[in-house]
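*Asks:* Residue numbers (the numbering used here): 114 to 616.
Here it is, written out as structure tokens:
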């Protein structure tokens, strides 16, 4: 990656904010020149060079909007992470296999990733507020279904509905920050958002472990309702949302129905066979290859349609117009994969290898979760102060790479001090990557494509999470089966034991 300038964004036009004024000035910098051809170094904004000062003061109404979305984001983080340490207990009570247990996480992240661009596209047409309320409704219905589930079929339906709503909440939170806050101040707020999300990842596994061990894992879903009520009330009575200003007929004509119809089934067809390859069916079986190929062809067809035929594309090709965008989107997918692999498979190590109870397993994740939050907040503040984030991107990825390598050193006899230290490094690295990559995505987008660029980045992170849980589960199953076959007395039971490994 070259040490060059990222192009800047303009702040939102005043017409997008009928209730208040953010700034009396818009900064326009050309995005036509790729960032690596510039002479400056990764400046988010350099007000002295521009010769003007950006003044920004957030209103009380905007604070309430962000508070509502922050509480909903915290809820989504709690829900997404608290279930990981409870999977063995849930699998035993519902009579499911390990692959069904891992699908409890995969179904959420899959639906979240697939529907995030849809929510973003529709929010540009119908306004942010209606789509936030729709997302809350989907999440609420899903939490109810999952909470009362009597088998894994019901559980997966509930988790899928939660994923749809959670995807809307995640992407609309990021979009609302971009709506309200100018680029020069955005790193600070995205750092805070990263901190809130990380707080959920800190508390989530402990709460999930407490419920699974002391009460019932069903309370993992019931605990969402206070957050839902608080967030929904603030959203319902707030007027500071971007609103659609076109007629309903015009809005309907601008919905990319064809793109949505291609994207959703193609994404699902691509991701689903990754969860059963080598476990339920061999990798060279038509059961695995057919949906995988169909999904890839469908995604390719979606890209061609959006590029060539769509009048109002769901994902405008313009957001991929330079290397900054491409690298940042790929980075979001990788960081999603890394985080979710840690959250889902480290508890399995602590419980199955170390013999920890669910509560202790959640506490054992503190070296990652307690470092992600402060790292994200501190990096966000530093980027906001200096206007530079190249250093954070590079340092964060270096630490994340080294940290993931260090996790490979975990053994059955690894001492407590050692495994705590090994887990600190990836936590700091990921905490640095999250806010810095978010700013890189926004700095590479034009103002009219800002919302969909933000949504697409969170969607890429969701795809990474889905792939991480899915492929991680497959690797775990295959390794379990392979190792069990080395023991003569267990060869005939290897398939069953690997299938029930979560019990």
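Glycine included, C-beta positions come from ideal geometry on N, C-alpha and C.
From a predicted model like this one, the values you see are computed outputs, not experimental measurements.
Would a C-beta distance cut-off of 8 Å place residue 227 and residue 377 closer than the cut-off?
*Replies:* Yes, Cβ-Cβ distance for residue 227 and residue 377 is below 8 Å.
*Asks:* Applying the criterion that 16 or more other CB atoms from any shown protein chain within 10 Å of the CB defines a buried residue, is residue 399 buried or exposed?
*Replies:* The residue in question, residue 399, is exposed, as its Cβ has fewer than 16 Cβ neighbours within 10 Å.
*Asks:* With DSSP as the reference, please indicate the residues paired to residue 366 in a beta bridge.
*Replies:* Per DSSP, none; premise fails for residue 366.
*Asks:* Can you tell me where the alpha helix (DSSP H) holding residue 205 begins and where it ends?
*Replies:* Element bounds for residue 205: 200-207.
*Asks:* Between the segment 182-200 and the segment 272-286, can you find at least three pairs of beta-carbon atoms closer than 8 Å?
*Replies:* As far as the Cβ criterion goes, the segment 272-286 touches the segment 182-200, which means the pair count is three or higher.
*Asks:* Fully enclosed by the segment 408-491, which alpha helix (DSSP H) runs are 4 residues long or longer?
*Replies:* The qualifying runs are 436-461 and 471-476.
*Asks:* Report the three-state DSSP secondary structure of residue 335 (helix, strand or coil).
*Replies:* In the structure shown, residue 335 sits in a helix (DSSP, three-state: H, G or I).
*Asks:* In whole angstroms, what is the alpha-carbon distance linking residue 585 and residue 171?
*Replies:* When rounded, the distance between both Cα atoms is 43 Å.
*Asks:* So, for residue 335: in the same chain, excluding its five sequence neighbours on each side, which residues have a beta-carbon less than 8 Å away from its beta-carbon?
*Replies:* Answer for residue 335: 256 and 260, listed in chain order.
*Asks:* What separation, rounded to the nearest whole angstrom, lies between the Cα atoms of residue 295 and residue 302?
*Replies:* If you take the alpha carbons of residue 295 and residue 302, they lie about 10 Å apart.
*Asks:* Residue 394 by DSSP, collapsed to three states: which one?
*Replies:* In this structure, residue 394 counts as strand in the three-state DSSP scheme.
*Asks:* By Cβ distance below 6 Å, which residues in the same chain neighbour residue 599 in space, the five residues on each side in sequence not counted?
*Replies:* Closer than 6 Å at Cβ, skipping near neighbours: no residue.
*Asks:* Taking its Cβ as the centre, do 16 or more other Cβ atoms sit within 10 Å of residue 529, making it buried, or is it exposed?
*Replies:* When all chains shown are included, residue 529 counts as exposed.
*Asks:* Spatial neighbours of residue 620 within its chain, please: C-beta separation below 8 Å, excluding the five flanking residues on both sides.
*Replies:* Nothing about residue 620 can be read from this structure; the chain reaches only from 114 to 616.
*Asks:* If I'm right that residue 426 touches residue 372 with Cβ under 8 Å, what's the distance once you round it to whole angstroms?
*Replies:* Rounded, the Cβ-Cβ distance is 6 Å, consistent with contact.
*Asks:* Out of curiosity, what's the CA-to-CA distance linking residue 421 and residue 387?
*Replies:* C-alpha separation (whole angstroms): 30 Å.
*Asks:* Exposed or buried, which one is residue 327 when buried takes at least 16 other CB atoms within 10 Å?
*Replies:* With fewer than 16 Cβ atoms within 10 Å of its Cβ, residue 327 is classed as exposed.
*Asks:* Looking at C-alpha atoms only, which residue of 181, 557 and 243 is the closest neighbour of residue 437?
*Replies:* Checking every option, the nearest Cα to that of residue 437 belongs to 557.
*Asks:* Short check: CB of residue 541 to CB of residue 512, under 8 Å?
*Replies:* The answer is yes: Cβ separation under 8 Å.
*Asks:* Is there contact between the segment 501-509 and the segment 565-573, where contact requires at least three CB pairs shorter than 8 Å?
*Replies:* No: the two stretches stay apart, fewer than three of their Cβ pairs being nearer than 8 Å.
*Asks:* Looking at the C-beta of residue 470, does it have a partner C-beta in chain B at a distance below 8 Å?
*Replies:* Absent here is chain B; the protein component of the structure consists of one chain.
*Asks:* Is DSSP giving residue 558 helix, strand or coil here?
*Replies:* In the structure shown, residue 558 sits in coil (DSSP, three-state: anything other than H, G, I, E or B).
*Asks:* Do residue 248 and residue 265 have their beta-carbon atoms positioned less than 8 Å apart in this structure?
*Replies:* No, these two residues do not count as a Cβ contact at 8 Å.
*Asks:* Could you check the C-alpha separation between residue 491 and residue 594 for me, to the nearest Å?
*Replies:* Near 44 Å, if we compare the C-alpha coordinates of residue 594 and residue 491.
*Asks:* Distance, Cα to Cα, residue 156 vs residue 549?
*Replies:* With a pLDDT of 48 at residue 156, under the threshold of 50, the modelled position of that residue is not reliable, and no figure is offered here.
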